[in-house]
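What follows is one structure encoded as structure tokens, with my remarks underneath.
Number of protein chains: 2
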Amino acid sequence: MTTAGKARRTQAERRAQSREALLEAAARGLSRNGYANLVLAQVAAEAGYTRGALYHQFAGKEALALAVVRWVDETWTAEVGAPAAAITDPVEALTAMARGHARYCRRDIANVMNVLWTEFAGREHPVGSLITEVVNRLTTQVAERIAEGRQNGAIPPGPPPATTATAYLGALEGVVSRLAGQAPHDAELAEATVRGVLGLHP
Amino acid sequence: MTTAGKARRTQAERRAQSREALLEAAARGLSRNGYANLVLAQVAAEAGYTRGALYHQFAGKEALALAVVRWVDETWTAEVGAPAAAITDPVEALTAMARGHARYCRRDIANVMNVLWTEFAGREHPVGSLITEVVNRLTTQVAERIAEGRQNGAIPPGPPPATTATAYLGALEGVVSRLAGQAPHDAELAEATVRGVLGLHP
DNA sequence: AAGGTAACATGCATGCATGTACGTATGTGA
DNA sequence: TCACATACGTACATGCATGCATGTTACCTT
């Protein structure tokens, strides 16, 4: 809402602060309103600026949304994806990812990916392409873990790994977005859900 | 796309045919584009009419969307909700609903509720209110079945029935919308998912 | 401290979709 | 068959959000 330090910042600091404030406001706006209903004047106002600042930092609405998606992707990978990927056991990794995603989505920013995915799924749009790219990468990773677990014997046989991975991510997003950060049930139910998708006993 | 019988229809028939064609086109459009990106000229064109016909049958964009939601609700209740509600055993009813929903969503119409829900969740809009109403009714029904199954001993204890029911519906919608009618895995994974949410063994 | 550049604000033009008024065609009852 | 009502098409007006061009303020260099 308000820029913290106003007293004699350097230009780079000033720029970075504005950019971050705008990105955060845009992420909240996208979470709530989606892309089509996102009004740049509101985004700028919520960040404490006007549209001028926004157009100075981003080429336009599309570029802003792309930046938000990349930003969310980076923070998600750092906070959820990478820690889960570091776990050796496939089942533990997949359940840890579910719990981690639930925790990550306790912030209001989190619905961004879900909203944009449903809005741009099956349409030709740069934002949709980027989302698809991110989701595909994730799906591939999950599918590899599933295949690994099946060979391992820890995960029972089922539909093709890619299909199961798609279901895994869809179910996870569905649960978490509906529960909207109702700790601690969100993480518990997220794990239970993905265990079900994978065919694991409770 | 094309109106079937052109030869000497009665006015009521004529009106009903147009209305149904417009509703179906609107449902497809909403599934793909959502409410904000739905353009009425495209809807009318896809139904074989112009905006004039649409505005003659519906008061406007909002009324059209409301009619679509009611229409989907009715068909869903008839094809999925009522058959599942007729089943006595709670676990069987809940799994049957999951499989039934997956089958129902094999049509392109099905994403309507999901799209509109994510678009209007937490906003004040007539369409959002109606969706919330429908979802709440469903959630209550599912929660009752869950409570029943817990008392029964068939479903293990867990988070409050209302919370679990929300997770049930979120996970189900998530899986089915992502799988987009990939029979037969959609039904299989939908059932596995809700079994996981409920804490049942595979 | 003064000129210059980047950050930001403000006003204008454009496009697009909705809603409405009016015109035309098709069915209905006397 | 003729007057009327209803289904549908067409053209115009309005509102709104984006994008851009032009001012104004803050910071940096010398």
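Sequence lines, in order, name chains A and B. Under the UniProt record's numbering, the first residue of the first sequence carries the number 1, and numbering increases by one thereafter. Under the UniProt record's numbering, the first residue of the second sequence carries the number 1, and numbering increases by one thereafter. Glycine included, C-beta positions come from ideal geometry on N, C-alpha and C.
Legend entry - Same chain, Cβ closer than 8 angstroms to THR95 of chain B, five either side skipped, listed in chain order: Closer than 8 angstroms at the Cβ level, and outside the excluded window around THR95 of chain B, lie GLU191, VAL194 and ARG195.
Inset, instruction - Would you verify that the beta carbon of ARG99 of chain A is, or is not, closer than 8 angstroms to some beta carbon of chain B? - result: So no, ARG99 of chain A is outside the interface.
Legend entry - Segment limits, alpha helix (DSSP H) that includes TYR104 of chain B: Counted as a single uninterrupted DSSP element, the alpha helix (DSSP H) harbouring TYR104 of chain B occupies residues 90-104.
Inset, instruction - State the DSSP-derived secondary structure class of ALA47 of chain A, mapped to helix, strand or coil. - result: Secondary structure of ALA47 of chain A (DSSP, three-state): helix.
Legend entry - Neighbour flag for GLU188 of chain A against chain B, beta carbons, 8 angstroms: In terms of beta-carbon proximity, GLU188 of chain A lines the interface with chain B, with at least one pair separated by less than 8 angstroms.
Legend entry - THR10 of chain B: contacting residues in chain A (beta-carbon distance under 8 angstroms): For the C-beta of THR10 of chain B, not a single chain A residue is nearer than 8 angstroms; the gap to the nearest is close to 39 angstroms.
Legend entry - Within 7 angstroms of chain A by C-beta, residues of the segment 51-64 of chain B in sequence order: Listed in sequence order: no entries.
Legend entry - 8 angstroms Cβ cutoff, ALA192 of chain B in contact with chain A: So, interface residue.
Inset, instruction - Flag THR75 of chain B as yes if its beta-carbon sits less than 8 angstroms from any beta-carbon of chain A, otherwise no. - result: When Cβ-Cβ separations below 8 angstroms define contact, THR75 of chain B makes no contact with chain A.
Inset, instruction - Measuring alpha carbon to alpha carbon, tell me which of B:VAL176, B:ALA21, B:LEU138 and B:ARG15 ends up nearest ARG106 of chain B. - result: ARG106 of chain B has its Cα closest to that of B:VAL176, out of B:VAL176, B:ALA21, B:LEU138 and B:ARG15.
Legend entry - Span of the alpha helix (DSSP H) around TYR168 of chain A: Its alpha helix (DSSP H) spans residues 161-179.
Legend entry - Residue span of the alpha helix (DSSP H) that contains ALA183 of chain A, given as start and end: From DSSP, ALA183 of chain A is part of no alpha helix (DSSP H); its letter is neither H nor E.
Inset, instruction - Pair every Cβ in the segment 175-189 of chain A with every Cβ in the segment 96-115 of chain A, then say whether three or more of these pairs are closer than 8 angstroms. - result: Counting C-beta pairs with one atom in each stretch, the segment 175-189 of chain A and the segment 96-115 of chain A have three or more that are closer than 8 angstroms, which means they touch.
Inset, instruction - Check ALA12 of chain B in the structure and name its three-state DSSP category. - result: In this structure, DSSP gives ALA12 of chain B a helical state, which the three-state scheme calls helix.
Legend entry - Contact set for PRO202 of chain A: own chain, Cβ-Cβ below 8 angstroms, skip 5 residues either direction: Only ALA192 and ARG195 meet the Cβ criterion.
Legend entry - Same chain only: Cβ atoms within 7 angstroms of ARG145 of chain B, ignoring 5 sequence neighbours per side: When the five nearest sequence neighbours on each side are left out, the beta carbons in the same chain lying within less than 7 angstroms of the beta carbon of ARG145 of chain B are those of PRO90, ALA93 and LEU94, in order along the chain.
Inset, instruction - Please classify VAL112 of chain A: does DSSP put it in a helix, a strand, or coil? - result: The DSSP-derived three-state label of VAL112 of chain A is helix.
Legend entry - Whole-angstrom distance between GLU188 of chain A and THR163 of chain A, CA atom to CA atom: Straight through space, the alpha carbons of GLU188 of chain A and THR163 of chain A are spaced by roughly 24 angstroms.
Legend entry - Contact test: GLU188 of chain B Cβ vs the ligand MG heavy atom, cutoff 7 angstroms: As for the ligand MG, it is missing from this structure, which has no ligand bound.
Inset, instruction - In the DSSP assignment, find the alpha helix (DSSP H) that holds VAL80 of chain B and state where it starts and stops. - result: Unbroken run through VAL80 of chain B: none, as it is neither H nor E.
Inset, instruction - Say whether chain B places a C-beta atom closer than 8 angstroms to the C-beta of ARG150 of chain A. - result: Chain B contact via Cβ: absent.
Inset, instruction - Report the three-state DSSP secondary structure of GLY5 of chain A (helix, strand or coil). - result: Annotation note: pLDDT 37 at GLY5 of chain A (below 50); position unreliable, coordinate value reported separately. When secondary structure is reduced to three states using DSSP, GLY5 of chain A falls in the coil class, being assigned neither helix nor strand.
Legend entry - Nearest residue (CA-CA) to ALA82 of chain B, options B:ALA154, B:ALA98 and B:TYR35: Taking only the C-alpha atoms, the option nearest ALA82 of chain B is B:ALA98.
Inset, instruction - Compare the C-beta of ASN37 of chain B with all C-beta atoms of chain A and state if any pair is closer than 8 angstroms. - result: Put simply, the CB of ASN37 of chain B is near chain A, with a gap under 8 angstroms to one of its CB atoms.
Inset, instruction - Determine the direct distance from the alpha carbon of SER18 of chain B to that of GLY5 of chain B, and round the result to whole angstroms. - result: Because GLY5 of chain B carries a pLDDT of 35, less than 50, the predicted location of this residue cannot be relied on, and no value is offered for it.
Legend entry - Sufficient close CB pairs (3 or more, under 8 angstroms) joining the segment 108-117 of chain B to the segment 21-30 of chain B: Yes: at least three Cβ pairs fall under 8 angstroms.
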